[in-house]
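Engineer:
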Amino acid sequence: MTWDWNAVRDFMPHFWDGLLVTLQALALGSLISFALGLVWAVLMRTPTRWVRWPVGIVTEFVRDTPLLVQLFFLFYVLPEWGLTFSALTTGVVAIGLHYSTYTMQVYRAGIDAVPAGQWEAATALSLSPWRTWTAVILPQAIRRVVPALGNYVIAMLKDTPMLMAITVLDMLGEARLFSQQHFQFTEPLTVIGVAFVLIAYPASLLLRALERRLVR
Amino acid sequence: MKQPDAPAGPAAATRELIRFDQVTKRFGDHTVLDRLGFSVDAGKHVTLIGPSGSGKTTILRLLMTLAKPDEGTITVAGRQLFPAGEKQIREIRKDIGMVFQQFNLFPNMKVLRNITEAPVTVLGLSKDEAEERARELLDLVGLGDHVDKYPGQLSGGQQQRVAIARALAMRPQVLLLDEVTSALDPELVAGVLDVLRDIARSTDITMLCVTHEMNFARDISDEVLMFDSGRVIESGSPDKIFNDPEHARTREFLSAVL
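Chains as they are written, first to last, in the numbering used here: chain A, -2 to 213; chain B, 6 to 263.
See below:
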């Protein structure tokens, strides 16, 4: 096995394209999972079981089936129903939806950790349910769970190569394409491996710093 | 501070504001309140005393709609609080304020916002009006220069005084005080009680107070209710209850706490 710097040089333009796609998928997937997970967590606290049951069943189903299966389902089955999206859009939605079923549990733990006295004070002051959630409960709950949410961002980063399965050219997709065309596997795969570390490690350092600041 | 809704003068002194009728509350097999009946007139300061677990705090929690009775009726200013629909409950709730043992200030908001949040979002006051009211109340409780702090930066006694100001900012007709000094270090108790004495003296707000501070109860109360096993076993003026109790259980209880 020899290391060929020329191969690295030739791969780099493709690498940047793939990095951009990976980061897009990661950023949008994170946003969707954070927002949707919060919606699930709050809906699971509504008094009516006609809301809680369907949400509980759907999220349990999504959490218990593999992301890869969900990717294929959204990519190949939805078009049969007349819903067609780009591969990247489909991938972002699938990752966001899948991880929202994890972030909802993180939010739930944060909400449960807010003392009962906070709810009681909100009731005693006649705050509306909306103000109780947005001004009192969620600011306290989310502060506690930011580090745990961050861990899922890193997990999502490492799941983005699955998008390759539905033709998205993320970092791994670009590397594989390059390898097949040039029969050089070592260089492109090493480059993207290093890239994953270079994204994930600073991110986890940042998380630890956040954790020290937010969780007392 | 005047309560605009409550007419002053002798007529107000006899207006019935709160009535419990045959109220029963159980937690599992344990009956906390047993067909309890009592009433409180507008403007009166009533103290509930009795051993722990005798149901005093539960009465305040029922009035604040933090718990529901199993049987009986509760009436506030002629409107039924239980049984009642959600809309009626919300209306009555606005007339009642509560100060908790554990303060329960919102730690994510500064002191000023703790006090203005409900007047702005519930009563519809403008931000300026609400802040003016909050500053007056903070002056009243002696914390005028702490508006920009977070609750976590205050002592327990200061937090509890902010909580009192927060409850008063809603201009409730009734103020419920649930063992408000029990969680405080001994040296901080007096400051909080002084503030409450001041409020009892200078306003015509109706107070329902659960406390173990018997001197405070003697100072501010128009009436003292002695509880045991979910019932009122004796009631009367503080003079009568503290100096000349009729019931053996009352004498026993007082000799243990005084």
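Ideal Cβ placement from N, Cα and C applies to all residues, glycine included.
Let's see if you can read the secondary structure: which residues bound the alpha helix (DSSP H) around Glu122 (chain B)?
Structural biologist: Counted from its first residue, the second sequence places residue 122 (chain B) at position 117. Unbroken alpha helix (DSSP H) run through Glu122 (chain B): 116 to 126.
Engineer: Would you mind sorting Asn119 (chain B) into buried or exposed? The rule is 16 or more other CB atoms within 10 Å of its CB.
Structural biologist: Translated into positions along the second sequence, residue 119 (chain B) becomes position 114. So Asn119 (chain B) ends up on the buried side.
Engineer: Does the Cβ of Gly83 (chain B) have 16 or more other Cβ atoms within 10 Å, making it buried, or fewer, making it exposed?
Structural biologist: Stepping through the second sequence from its first residue, residue 83 (chain B) is reached at position 78. The residue in question, Gly83 (chain B), is exposed, as its Cβ has fewer than 16 Cβ neighbours within 10 Å.
Engineer: Taking 7 Å as the threshold (beta carbon to beta carbon), is Thr126 (chain B) in contact with chain A?
Structural biologist: Along the second sequence, one-based indexing puts residue 126 (chain B) at 121. For Thr126 (chain B), the closest Cβ of chain A is nearer than 7 Å.
Engineer: Check whether the segment 145 to 158 of chain B touches the segment 156 to 163 of chain A, taking contact to mean three or more Cβ pairs, one atom from each stretch, closer than 8 Å.
Structural biologist: no
Engineer: Evaluate Lys92 (chain B) with the Cβ neighbour count: other Cβ atoms within 10 Å of its Cβ, from every protein chain shown; 16 or more gives buried, anything less gives exposed.
Structural biologist: The residue labelled residue 92 (chain B) in the question sits at position 87 within the second sequence. By the 10 Å Cβ count, Lys92 (chain B) comes out exposed.
Engineer: Between Asp7 (chain A) and Leu195 (chain A), what straight-line distance do the alpha-carbon atoms span, to the nearest angstrom?
Structural biologist: Position 10 of the first sequence, counted from the start, is the residue given in the question as residue 7 (chain A). Position 198 of the first sequence, counted from the start, is the residue given in the question as residue 195 (chain A). C-alpha of Asp7 (chain A) to C-alpha of Leu195 (chain A): approximately 21 Å in a straight line.
Engineer: Quick one: grab the DSSP three-state call for Lys245 (chain B).
Structural biologist: Start at 1 with the first residue of the second sequence, and residue 245 (chain B) comes out as number 240. Taken through DSSP and simplified to helix, strand or coil, Lys245 (chain B) comes out as helix.
Engineer: Going by DSSP in three states, Gly58 (chain B) sits in which element: helix, strand or coil?
Structural biologist: Within the second sequence, residue 58 (chain B) is the residue found at index 53, counting from 1. Note: Gly58 (chain B) maps to coil in three-state DSSP.
Engineer: Contact between the segment 20 to 31 of chain A and the segment 90 to 97 of chain A: three or more CB pairs below 8 Å?
Structural biologist: yes
Engineer: Could you tell me the alpha carbon to alpha carbon distance between Lys115 (chain B) and Lys154 (chain B), rounded to whole angstroms?
Structural biologist: By one-based count along the second sequence, residue 115 (chain B) stands at place 110. By one-based count along the second sequence, residue 154 (chain B) stands at place 149. Each residue's Cα considered, the two are about 5 Å apart.
Engineer: Around the C-beta of Lys73 (chain B), are 16 or more other C-beta atoms found within 10 angstroms, so that it is buried, or is it exposed?
Structural biologist: Position 68 of the second sequence, counted from the first residue, corresponds to residue 73 (chain B). It is exposed - the Cβ of Lys73 (chain B) has fewer than 16 other Cβ atoms within 10 Å.
Engineer: So is Ala118 (chain A) in contact with chain B if we call contact Cβ pairs under 7 Å?
Structural biologist: Locating residue 118 (chain A) in the first sequence gives position 121, where the first residue counts as 1. Chain B contact via Cβ: present.
Engineer: With three or more beta-carbon pairs closer than 8 Å as the criterion, would you say the segment 219 to 227 of chain B touches the segment 130 to 139 of chain B?
Structural biologist: no
Engineer: Take Leu33 (chain A) as the anchor and find which of A:Thr100, A:Gly147, A:Val111 has the nearest alpha-carbon.
Structural biologist: As a position in the first sequence, residue 33 (chain A) is number 36, starting the count at 1. Of the candidates A:Thr100, A:Gly147, A:Val111, the one whose C-alpha sits nearest the C-alpha of Leu33 (chain A) is A:Thr100.
Engineer: How would you write the range of the alpha helix (DSSP H) that Ile196 (chain A) sits in, first residue to last?
Structural biologist: By one-based count along the first sequence, residue 196 (chain A) stands at place 199. Counting along the chain, the alpha helix (DSSP H) containing Ile196 (chain A) begins and ends at 183 to 211.
Engineer: In chain B, what lies closer than 9 Å to Val133 (chain A) by C-beta?
Structural biologist: As a first step, residue 133 (chain A) is located in the first sequence; it is residue number 136 there, counting from the start. Under the 9 Å cutoff, chain B gives Phe111, Asn113, Met114, Glu122.
Engineer: Can you have a look at Asn3 (chain A) and say buried or exposed, based on whether 16 or more other CB atoms are within 10 angstroms of its CB?
Structural biologist: Your numbering for residue 3 (chain A) matches position 6 in the first sequence. So Asn3 (chain A) ends up on the exposed side.
Engineer: With 7 Å set as the bound, which would you pick, yes or no: does the beta-carbon of Leu122 (chain A) sit closer than that to a beta-carbon of chain B?
Structural biologist: Position 125 of the first sequence, counted from the start, is the residue given in the question as residue 122 (chain A). Chain B places a beta carbon closer than 7 Å to that of Leu122 (chain A), counting this residue as a contact.
Engineer: In chain order, which alpha helix (DSSP H) runs of at least 4 residues are fully inside the segment 95 to 167 of chain A?
Structural biologist: Counting whole runs of 4 or more residues, the segment 95 to 167 of chain A contains the alpha helix (DSSP H) stretches 113 to 121, 135 to 156.
Engineer: Alpha carbon to alpha carbon, how far is Ala206 (chain A) from Trp13 (chain A)? Give it in angstroms, no decimals.
Structural biologist: The sequence position of residue 13 (chain A) within the first sequence is 16, counting from 1. The sequence position of residue 206 (chain A) within the first sequence is 209, counting from 1. Cα to Cα, Trp13 (chain A) sits roughly 29 Å from Ala206 (chain A).
Engineer: Please classify Glu228 (chain B): does DSSP put it in a helix, a strand, or coil?
Structural biologist: Your numbering for residue 228 (chain B) matches position 223 in the second sequence. The answer is strand: DSSP assigns Glu228 (chain B) an E or B state.
Engineer: State whether the segment 186 to 199 of chain B contacts the segment 160 to 172 of chain B, with contact taken as three or more CB pairs (one from each stretch) at a distance under 8 Å.
Structural biologist: The answer is yes - the segment 160 to 172 of chain B touches the segment 186 to 199 of chain B, with three or more Cβ pairs under 8 Å.
Engineer: Can you pull the DSSP bridge partners for Lys30 (chain B)?
Structural biologist: Mapped onto the second sequence, residue 30 (chain B) falls at position 25. DSSP lists B:Leu38 as partners of Lys30 (chain B).
Engineer: State whether the segment 17 to 34 of chain B contacts the segment 61 to 81 of chain B, with contact taken as three or more CB pairs (one from each stretch) at a distance under 8 Å.
Structural biologist: yes
Engineer: Look at the alpha carbon of Thr19 (chain A) and the alpha carbon of Asp167 (chain A), and state the distance between them as a whole number of angstroms.
Structural biologist: Taking the first residue of the first sequence as position 1, residue 19 (chain A) is located at position 22. Taking the first residue of the first sequence as position 1, residue 167 (chain A) is located at position 170. Taking the straight line joining both Cα atoms gives about 5 Å.
Engineer: Could you tell me the distance, in whole angstroms, from the CA atom of Leu117 (chain B) to the CA atom of Ala119 (chain A)?
Structural biologist: Taking the first residue of the second sequence as 1, we reach residue 117 (chain B) at position 112. Taking the first residue of the first sequence as 1, we reach residue 119 (chain A) at position 122. Distance between the alpha carbons of Leu117 (chain B) and Ala119 (chain A): 16 Å.
Engineer: Listed in chain order, which residues of the segment 16 to 31 of chain B have Cβ atoms closer than 9 Å to some Cβ of chain A?
Structural biologist: none
Engineer: Just grab the DSSP bridge partners of Met103 (chain B) for me.
Structural biologist: Counted from its first residue, the second sequence places residue 103 (chain B) at position 98. Residue pairing by DSSP puts Met103 (chain B) in a beta bridge opposite B:Leu181.
Engineer: So what does Glu134 (chain B) bridge to, in DSSP terms?
Structural biologist: Counted from its first residue, the second sequence places residue 134 (chain B) at position 129. Paired residue(s): none; Glu134 (chain B) is not in a bridge.
Engineer: Quick check: the Cα distance between Thr126 (chain B) and Ser125 (chain A), rounded to an integer number of angstroms?
Structural biologist: Working through the second sequence from its first residue, we reach residue 126 (chain B) at position 121. Working through the first sequence from its first residue, we reach residue 125 (chain A) at position 128. When rounded, the distance between both Cα atoms is 8 Å.
Engineer: Tell me Ser44 (chain B)'s beta-bridge partners as DSSP assigns them.
Structural biologist: Sequence index remark: in the second sequence, residue 44 (chain B) carries index 39 (1-based). Beta-bridge pairing links Ser44 (chain B) to B:Arg24.
Engineer: Return the chain-ordered list of same chain residues with a C-beta closer than 8 Å to the C-beta of Lys132 (chain B), the five sequence neighbours on each side being excluded.
Structural biologist: Sequence index remark: in the second sequence, residue 132 (chain B) carries index 127 (1-based). Hits under 8 Å: Thr121, Val125.
Engineer: Candidates A:Ile92, A:Ala152, A:Thr183: which alpha carbon is nearest Val5 (chain A)'s?
Structural biologist: Position 8 of the first sequence, counted from the first residue, corresponds to residue 5 (chain A). Out of A:Ile92, A:Ala152, A:Thr183, A:Thr183 has the C-alpha closest to the C-alpha of Val5 (chain A).
Engineer: Compute the distance between the beta-carbons of Ala138 (chain A) and Gly107 (chain A), then report whether it is under 7 Å.
Structural biologist: In the first sequence, the residue the question calls residue 138 (chain A) occupies position 141. In the first sequence, the residue the question calls residue 107 (chain A) occupies position 110. Yes, these two residues count as a Cβ contact at 7 Å.
Engineer: Tell me whether Phe108 (chain B) counts as near the ligand MN, meaning its Cβ is closer than 6 Å to at least one heavy atom of that ligand.
Structural biologist: Among the components modelled here there is no ligand, and therefore nothing to report on the ligand MN.
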